[in-house]
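Mapping of the sequence shown onto the working numbering: position 209 corresponds to residue 202, and the numbering continues sequentially without gaps.
Glycine is no exception: its CB is placed at the ideal position from the N, C-alpha and C atoms.
Please read these numbers as outputs of a predicted model, since none were measured by experiment.
Okay, structure first, notes after.
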Amino acid sequence: MSMINKQNSYCLENYKFDENIPPSKNRRMQFAFHLHALRHHWQRSMPSSIELERDLRRIRDAGFDGVDVSDSWPFDDFTVENAHTVRCAAESLGLRIPTVSCMGKTLCHPELAERNARAVEAAFAVAERLGAGIVNLALSIPRTPGVTPVMGATHSPGGSRGATDADFDQTAERLRTLAQRAADCGLSLSIELHDRSLADTSASLLRLLNATGAPNVGANPDLCNGYRAYDTPPETWREALSTLAPRMNLWHVNNLQRVHFPELQRSAFVERPLSDGDVDYSLALRQVREAGFDGWVVIEYKGVGDAFATLRAGRAYLSACAADAALETA
-6 MSMINKQNSY CLENYKFDEN IPPSKNRRMQ FAFHLHALRH HWQRSMPSSI
44 ELERDLRRIR DAGFDGVDVS DSWPFDDFTV ENAHTVRCAA ESLGLRIPTV
94 SCMGKTLCHP ELAERNARAV EAAFAVAERL GAGIVNLALS IPRTPGVTPV
144 MGATHSPGGS RGATDADFDQ TAERLRTLAQ RAADCGLSLS IELHDRSLAD
194 TSASLLRLLN ATGAPNVGAN PDLCNGYRAY DTPPETWREA LSTLAPRMNL
244 WHVNNLQRVH FPELQRSAFV ERPLSDGDVD YSLALRQVRE AGFDGWVVIE
294 YKGVGDAFAT LRAGRAYLSA CAADAALETA
């Protein structure tokens, strides 16, 4: 694994973040860069020392407060030394690592559930080493390499429409166990609104939260994931956000443009910059703040082209939206 070595460690031994400042006293919202967006910029699944330093510096200079690390990095091989190196590199530039994201972790699939639960527990260890406080969990079925997943159809593989009560019960039971183990590590879980998962609508995600009943488990209303799950969205983004905002502890943001083909009962989705898609984030920001959310906002991008430029523009756009809504102090 190619990472920064000890001689090139950027750790500042006396660098401390003030964890005692209540979130409600934050001067402005906190924005994190989703590192998964840069995966095509690296020679391997994880960045080399040069790539890591280069990208973290660019992220810092673009005005981000932190980075989100996902399990597109090989967590099975993510050693204590690797985590220390990444954390020190980030902290030396004033960046935090508030969240770790686990993708494709269905907990009710008969062949994948137990393996996925173990993978989530492994992510807890990574999160602790990186200093993260939240592990984000997408309960979706995993993508098959080289195969475009089904989105925008009348049926969503792994989705709530075709799920049984047993699927929800098994998922909630495993979530309760994971929530307790997360609490033992000082971590919270965030369940992501996601296509191809039981949590593909606000109602089904809320059902899981209520069935789990753990105080350290909240919602991540990734609005575009729910928007693209079916050919006709079962709810507007504002309705989904209204349902989940009181329970949210993390927010992934990205944007899409929907193109509907009613004669085919299909929709296609085009990845768009934050300011240009079907979700109006100037309104969404007001909505979540009115609900009391003051947590981390992770800016994502899954499209083609220059991901860094797109996320940098998204950061500037959200900052302007927050300022316009009097949510951010200069």
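Residue i, DSSP secondary structure in three states
i, result
"His187", "coil"
"Leu86", "coil"
"Thr205", "helix"
"Ala316", "helix"
"Thr170", "helix"
"Asn70", "In the sequence under discussion, the amino acid at residue 70 is Asp, which differs from the Asn named in the question. If DSSP states are grouped into helix, strand and coil, Asp70 belongs with the helices."
"Trp230", "helix"
"His102", "coil"
"Arg50", "helix"
"Glu264", "strand"
"Gly59", "strand"
"Phe161", "helix"
"Pro135", "coil"
"Tyr310", "helix"
Beta-carbon contacts of residue i that lie in its chain and below 6 Å, excluding the five residues immediately before and after
i, result
"His187", "Ala131, Ser133 and Asn218"
"Val252", "Ala261"
"Thr303", "Pro266 and Tyr294"
"Pro135", "Gly97"
Minimum Cβ-Cβ distance from residue i to chain B less than 8 Å
i, result
"His27", "Of the protein chains in the structure, only one exists, and it is not chain B."
Closest residue to residue i among the options (Cα-Cα distance)
i, options, result
"Gly352", "Cys178, Arg37 and Gly288", "Look at the range of the chain in this structure, -6 to 323, and you will see that residue 352 is not part of it."
"Thr225", "Ala118, Arg259 and Arg169", "Arg259"
"Arg174", "Thr194, Pro208 and Asn203", "Pro208"
"Arg189", "Gly59, Arg169 and Ser153", "Ser153"
Residue i, buried or exposed, once every other Cβ within 10 Å from all chains shown has been counted against 16
i, result
"Asp48", "buried"
"Gly145", "buried"
"Lys295", "exposed"
"Pro40", "buried"
"Arg21", "exposed"
"Val297", "exposed"
"Thr147", "exposed"
"Arg167", "buried"
"His29", "buried"
"Gly155", "exposed"
"Leu45", "buried"
"Arg111", "exposed"
"Gly56", "exposed"
"Leu326", "Nothing can be reported for residue 326, as the shown portion of the chain is limited to -6 through 323."
"Phe26", "buried"
"Asp177", "exposed"
Cutoff 8 Å; reference residue i; Cβ partners in own chain excluding five residues on either side
i, result
"Ser275", "Cys314, Asp317 and Ala318"
Cβ neighbours of residue i in the same chain (closer than 7 Å, five flanking residues each side left out)
i, result
"Ala165", "Leu201, Ala204 and Thr205"
"Trp66", "Ser38 and Met39"
Can you find at least 3 beta carbon pairs, one from the stretch 70 to 86 and one from the stretch 114 to 125, that sit closer than 8 Å?
-> yes
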